[in-house]
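Participant: Okay, here's the structure, questions in a sec.
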Amino acid sequence: RKVVLRAMPQSAPPPVATRGRDAVTFIVTVATASYVLWVLAGTVAWISHLGHRAAWLQRFLLAKGFPSNAPTKNLATFFIGNVPTALGFVLPHSLLPPKKLYALMHSWSKSELVHSIPIAGPVVTHFLRLPGSGRLVYNAIAAGTLHFLLFHFAPLATPVVAVLPFPKLTHVCLSVGFLAFAMLSMVFEPETYGLLGVGQILKWSPRYATPPPNNMDAITWMGVNSWRGGVKVGGLLFKNKPGLAKAFGGACFVLFTGVSILPATLTFGDCLTRGVAAFYLRRRSKSFRKWVASVEGAHLMTWAIRGCLLMAAFRAATKVNVEDLENMKTALKESSSSLSPLNAMACAGGTALVLRLAENHGASGDAKRDNKKKQKTDEKNEDDENENSELPVVEVSFASDAGVKPGEETKVPPVRRVGRLSSEIISC
């Protein structure tokens, strides 16, 4: 007798367990994405010292919204205290991109150690295998390490570079308004959920599961959405006038990135921190360089506005009465020293020059890499054509009287037209 052995089908998890697993996945995903967005908004507020200018916002902001720890005594202690925590953010952010992280997570999901986790083992295994989980975990690691860095950051309070001549209330309204506007624009943009990995994990439509192009980072994406949101609002304000709507979007971008994120009092430590962060962004992020190149005029406008504000700060510092001057001298003697206008301008000019060189060098590197890719593609196409040219040619003859003069039909044999089957057709 012939015995037929049939494999037993694997039993699917009970519906209750599946629903519970999906509910846990949904809660963890939404909570993680919300934390990432909060850290992103808090970082922008921290850079602009918003918590120092609006104390009532400190309880809602990341690390109180400004460098609130005890300042360091000198430049050496500033680097010693902050470089290790900065490396804790930079290293995983640079060495573990989402694709590599997802590959590691997928391999971890097969280990017995993960399967043996009490109660949560099946849920963790399922989560590690979900598309988009690598991107969500990557964002979570970046947000967590950045949170730790800003919470333990030791500022360098001296010397003071400039005090911006902004009314306090106006500056606070600009910072709060444009930060909220950029975040709302980002939340209402479908590609944001692809950037965070939420759309892929929760299996939303492709519109919400597709990340922005060119591996765009979150900070650049925030600036892009400040522009896009401005264009949308401009479209409502200036109907049937796309030029004005686009100009309104550019104005929102310039005011957000060029004015609202500036602190009221700019110290040398702030210049160092912002300079290093901006240099890292320009060198690492190809998407940032492409975006800046596409909005070159607006980008240069932000630099021009910052230069004008710096000059206005120096002019305001020279136009004070005797009493205010004495108060300033007393405050400087008790707390910190300030740079002279010449040194401050040299500091600002040097920072701008370094960042500009980083942008240009990164753009030239991108062009070289694109040319290499194009050359490789062309060489591959040439090799394919050479291989196809060595294939046998199929000839098909068609009888024709073309080219035969009247009365010479018997002398000249009929001319045959030869049609050759294209090598591209053969290769298909």
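In terms of my numbering, the sequence shown has 388 at position 399, counting the first letter as 1, and numbering is strictly consecutive.
Glycine included, every Cβ here is placed at the ideal spot set by N, Cα and C.
Bear in mind that the values here come from a model prediction, so they are computed numbers and not experimental data.
1. Taking the Cβ atom as the reference point for each residue, do Gly133 and Leu90 lie within a distance shorter than 8 Å?
2. If you count every other CB in all the chains shown that lies within 10 Å of the CB of Leu64, and 16 or more means buried, which is it?
3. Taking the CB atoms as reference points, tell me whether Gly40 and Ala146 lie closer together than 8 Å.
4. Leu255 by DSSP, collapsed to three states: which one?
5. Below 8 Å, how does it come out for the region 163 to 175 and the region 272 to 292: are there three or more Cβ pairs, yes or no?
6. Could you give the DSSP three-state label for Val149: helix, strand or coil?
7. Alpha carbon to alpha carbon, how far is Phe55 from Val72?
8. Can you tell me the Cα-Cα spacing of Gly223 and Gly212, whole angstroms?
9. Find out if the Cβ-Cβ distance for the pair Ser98, Thr114 is shorter than 8 Å.
10. How about Pro231 and Ala143: are their beta carbons less than 8 Å apart?
11. Report buried or exposed for Ala109, applying the criterion of at least 16 other Cβ atoms within 10 angstroms of its Cβ.
12. Specify, as a first and last residue, the run of the alpha helix (DSSP H) that Leu135 falls within.
13. What are the start and end residues of the alpha helix (DSSP H) that includes Lys221?
14. Can you tell me which of Pro179, Asp11 and Ala287 puts its alpha carbon nearest to the alpha carbon of Phe245?
15. Could you name the residues of the same chain whose beta carbon sits closer than 7 Å to that of Glu180, not counting the 5 residues immediately before and after it, in chain order?
16. How is the alpha helix (DSSP H) around Leu90 delimited, first residue to last?
17. Pull up the distance between the alpha-carbon of Ala6 and that of Leu84, whole angstroms please.
18. Would you call the region 203 to 222 and the region 24 to 35 touching, i.e. three or more CB-CB distances under 8 Å?
19. Taking the beta carbon of Cys260 as the centre, do at least 16 other beta carbons fall within 10 Å, making it buried, or is it exposed?
20. Under the three-state reduction of DSSP, which class applies to Thr159: helix, strand or coil?
21. Counting C-beta neighbours from all protein chains within 10 Å, is the total for Trp45 16 or more, i.e. buried, or is it exposed?
22. Compare the C-alpha of Ser249 against each of Leu168, Lys53, Val103 and Lys221 and name the closest.
23. For Arg8, which residues in the same chain have their Cβ closer than 7 Å to its Cβ, ignoring the five residues on either side in sequence?
24. Is any beta-carbon of chain C found at less than 8 Å from that of Leu117?
25. Just to confirm the assignment, what range does the alpha helix (DSSP H) spanning Gln47 have?
26. Shortest alpha-carbon distance to Ala52 belongs to which of His141, Val126, Thr21 and Thr256?
27. From Arg217 to Arg48, what does the alpha carbon distance come to, in whole angstroms?
28. Suppose you measure from the CA of Ser174 to the CA of Cys241; what does that come to, to the nearest Å?
29. Who are the near neighbours of Leu298 in its chain, counting only those whose CB is closer than 6 Å to its CB and skipping five residues on each side?
30. Rounded to the nearest angstrom, what separates Ser105 and Pro111 at their Cα positions?
31. Is Ile16 buried or exposed, if buried means 16 or more other CB atoms sit within 10 Å of its CB?
32. Cβ atoms of Tyr197 and Gly183: under 8 Å apart, would you say?
33. Could you tell me how far apart the beta carbons of Val25 and Ala129 are, in whole angstroms, since I believe they sit closer than 8 Å?
34. Cβ atoms of Leu185 and Leu125: under 8 Å apart, would you say?
35. Beta carbon of Thr18, beta carbon of Val176: below 8 Å?
Facilitator: Quick answer:
1. The residue labelled residue 133 in the question sits at position 144 within the sequence shown. The residue labelled residue 90 in the question sits at position 101 within the sequence shown. Going by C-beta atoms, Gly133 is not nearer than 8 Å to Leu90.
2. Residue numbering aside, residue 64 sits at position 75 when the sequence shown is read from its first letter. Its Cβ having fewer than 16 others within 10 Å, Leu64 is exposed.
3. Stepping through the sequence shown from its first residue, residue 40 is reached at position 51. Stepping through the sequence shown from its first residue, residue 146 is reached at position 157. Taking 8 Å as the Cβ cut-off, Gly40 and Ala146 do not qualify as a contacting pair.
4. Position 266 of the sequence shown, counting from 1, holds the residue named residue 255. Correct three-state label for Leu255: strand.
5. no
6. What you label residue 149 is simply residue 160 of the sequence shown in a count that begins at 1. Strand at Val149.
7. Numbered from its first residue, the sequence shown carries residue 55 at position 66. Numbered from its first residue, the sequence shown carries residue 72 at position 83. Their backbone Cα atoms lie some 18 Å apart in a straight line.
8. Against the sequence shown, residue 223 aligns to sequence position 234. Against the sequence shown, residue 212 aligns to sequence position 223. Those two C-alpha atoms are separated by around 17 Å.
9. Residue numbering aside, residue 98 sits at position 109 when the sequence shown is read from its first letter. Residue numbering aside, residue 114 sits at position 125 when the sequence shown is read from its first letter. Going by C-beta atoms, Ser98 is nearer than 8 Å to Thr114.
10. Here residue 231 corresponds to residue number 242 of the sequence shown, with the count starting at 1. Here residue 143 corresponds to residue number 154 of the sequence shown, with the count starting at 1. Pairing Pro231 with Ala143 gives a Cβ-Cβ distance that is not under 8 Å.
11. For the purposes of this step, residue 109 is taken as the residue at position 120 of the sequence shown. Ala109 should be labelled exposed.
12. To locate residue 135, count along the sequence shown from 1; it is residue 146. Ser122 to Phe140 is the span of the alpha helix (DSSP H), which, as asked, contains Leu135.
13. Within the sequence shown, residue 221 is the residue found at index 232, counting from 1. Going by DSSP, Lys221 is part of the alpha helix (DSSP H) stretching over Ala207 to Leu226.
14. For the purposes of this step, residue 245 is identified with residue 256 of the sequence shown, where counting begins at 1. Answer by Cα proximity: Ala287.
15. Here the question's residue 180 lines up with position 191 in the sequence shown. Closer than 7 Å at Cβ, skipping near neighbours: Thr199, Pro200 and Pro201.
16. Here the question's residue 90 lines up with position 101 in the sequence shown. Its alpha helix (DSSP H) spans residues Pro87 to Trp97.
17. Here the question's residue 6 lines up with position 17 in the sequence shown. Here the question's residue 84 lines up with position 95 in the sequence shown. Ala6 and Leu84: Cα-Cα distance of roughly 36 Å.
18. yes
19. Against the sequence shown, residue 260 aligns to sequence position 271. With 16 or more Cβ atoms within 10 Å of its Cβ, Cys260 is classed as buried.
20. Working through the sequence shown from its first residue, we reach residue 159 at position 170. Helix at Thr159.
21. In the sequence shown, the residue the question calls residue 45 occupies position 56. Trp45 is exposed by the Cβ-count criterion.
22. Walking along the sequence shown from the start, residue 249 turns up at place 260. Nearest of Leu168, Lys53, Val103 and Lys221 to Ser249, Cα basis: Leu168.
23. To locate residue 8, count along the sequence shown from 1; it is residue 19. Excluding positions up to five away in sequence, the list is empty.
24. Although the question refers to chain C, the structure presented lacks it and comprises just one protein chain.
25. Within the sequence shown, residue 47 is the residue found at index 58, counting from 1. Element bounds for Gln47: n/a, residue is neither H nor E.
26. Here the question's residue 52 lines up with position 63 in the sequence shown. Of the listed residues, the one whose Cα sits closest to Ala52 is His141.
27. The residue you call residue 217 lines up with position 228 of the sequence shown. The residue you call residue 48 lines up with position 59 of the sequence shown. Cα to Cα, Arg217 sits roughly 30 Å from Arg48.
28. The residue given as residue 174 occupies position 185 in the sequence shown. The residue given as residue 241 occupies position 252 in the sequence shown. C-alpha separation (whole angstroms): 12 Å.
29. In the sequence shown, counting from the first residue as 1, residue 298 sits at position 309. Excluding positions up to five away in sequence, the list reads Leu153.
30. Start at 1 with the first residue of the sequence shown, and residue 105 comes out as number 116. Start at 1 with the first residue of the sequence shown, and residue 111 comes out as number 122. One C-alpha to the other measures close to 9 Å.
31. Start at 1 with the first residue of the sequence shown, and residue 16 comes out as number 27. Exposed, since its Cβ has fewer than 16 Cβ neighbours within 10 Å.
32. To locate residue 183, count along the sequence shown from 1; it is residue 194. To locate residue 197, count along the sequence shown from 1; it is residue 208. In contact: Gly183 and Tyr197 (Cβ atoms closer than 8 Å).
33. Locating residue 25 in the sequence shown gives position 36, where the first residue counts as 1. Locating residue 129 in the sequence shown gives position 140, where the first residue counts as 1. About 6 Å separates the two Cβ atoms, so the contact holds.
34. Within the sequence shown, the letter at position 136 stands for residue 125. Within the sequence shown, the letter at position 196 stands for residue 185. In contact: Leu125 and Leu185 (Cβ atoms closer than 8 Å).
35. If you number the sequence shown from 1, residue 18 lands on position 29. If you number the sequence shown from 1, residue 176 lands on position 187. Taking 8 Å as the Cβ cut-off, Thr18 and Val176 do not qualify as a contacting pair.
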